[in-house]
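Below: one structure, written as structure tokens.
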Amino acid sequence: MTNRPVLKNPNETLRKPSKKVALEDIPSARIQTLIDDLIETMKIENGIGIAAVQIGIHEQIIIVDDGHESVALINPHITFRSPTMIDFEEGCLSIPGVYGIVQRHKQIEVEALDRRGNPVLIKGEGLLSVVLQHETDHLEGILFIDKVVRYTNPPRL
Ligand code: ZN
Numbered sequence: 012m013t014n015r016p017v018l019k020n021p022n023e024t025l026r027k028p029s030k031k032v033a034l035e036d037i038p039s040a041r042i043q044t045l046i047d048d049l050i051e052t053m054k055i056e057n058g059i060g061i062a063a064v065q066i067g068i069h070e071q072i073i074i075v076d077d078g079h080e081s082v083a084l085i086n087p088h089i090t091f092r093s094p095t096m097i098d099f100e101e102g103c104l105s106i107p108g109v110y111g112i113v114q115r116h117k118q119i120e121v122e123a124l125d126r127r128g129n130p131v132l133i134k135g136e137g138l139l140s141v142v143l144q145h146e147t148d149h150l151e152g153i154l155f156i157d158k159v160v161r162y163t164n165p166p167r168l
């Protein structure tokens with residue numbers, strides 16, 4: 012596994028949408044190594060989520076820390092958004108030192124493929140819901156600063 016440099020805002024690469032990964036490409040060494048590198052990079056940077064675009068790869072792969080382990084989600088898409096919203100303080104590995112409040116759906120459900128290519132349904136609430144929304148936004152070139160309602164630097168502890 013290799014720690015890869017995280018692109019920092021502003022950078023046009025972060026604003027380009029990511030392409031779907033073909034099912035037959037998922038077992039390839041290229042995709043499996045990319046997933047391992049994303050997990051390694053997220054851990055070294057102390058993140059709880061990362062998207063492939065943040066290391067310059069425009070493919071729909073995100074990693075989320077679900078509180079137990081780092082889960083790779085390929086071609087994720089949100090299939091349910093609760094009407095109830097929550098205010099959540101967010102940061103981003105690509106925007107160091109910046110924190111702000113974003114309104115997110117309290118619960119969401121995401122369909123994706125796991126790293127073996129099997130379909131998975133992830134139900135997130137609270138922090139996990141926020142991380143899933145933040146990371147799927149990255150795949151569309153959206154950053155949390157586009158949605159921030161109030162900056163909180165320095166972060167509240
Ligand atoms: Zn981010």
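All letters in the sequence shown, in the order written, are residues 12 to 168 by my numbering. Positions of the beta carbon are idealized from the N, C-alpha and C atoms, including for glycine.
Considering only C-alpha positions, which residue in the set the options is nearest to residue i?
i, options, result
"Ser93", "Gln114, Pro87, Val75 and Val82", "Gln114"
"Arg127", "Ile42, Gly152 and Pro21", "Ile42"
"Ser140", "Asn86, Phe91 and Leu45", "Phe91"
"Arg15", "Met53, Asn86 and Leu25", "Met53"
Ignore the nearest five residues each way along the sequence and tell me which others in residue i's own chain have a CB closer than 7 Å to its CB.
i, result
"Lys2", "An answer regarding residue 2 cannot be provided, because it is not within the stretch 12 to 168 covered by the chain."
"Ala63", "Ser29, Leu45, Leu49, Glu70 and Ile72"
Cβ of residue i within 7 Å of any heavy atom in the ligand ZN?
i, result
"Ser81", "no"
"Leu138", "no"
"Ser29", "no"
For residue i, list the residues DSSP reports as bridge partners.
i, result
"Tyr162", "Gly111"
For residue i, which residues in the same chain have their Cβ closer than 8 Å to its Cβ, ignoring the five residues on either side in sequence?
i, result
"Lys27", "Val64, His69 and Gly152"
"Leu25", "Leu18, Val64, Gln65, Ser105, His149, Gly152 and Leu154"
Which same chain residues, not among the five before or five after residue i, have their C-beta less than 6 Å away from its C-beta?
i, result
"Ile133", "Val121"
"His149", "Ala62 and Val64"
"Gln118", "Ser93, Glu136 and Ser140"
Stretch pair the stretch 105-114 + the stretch 35-53: three plus CB contacts closer than 8 Å: no
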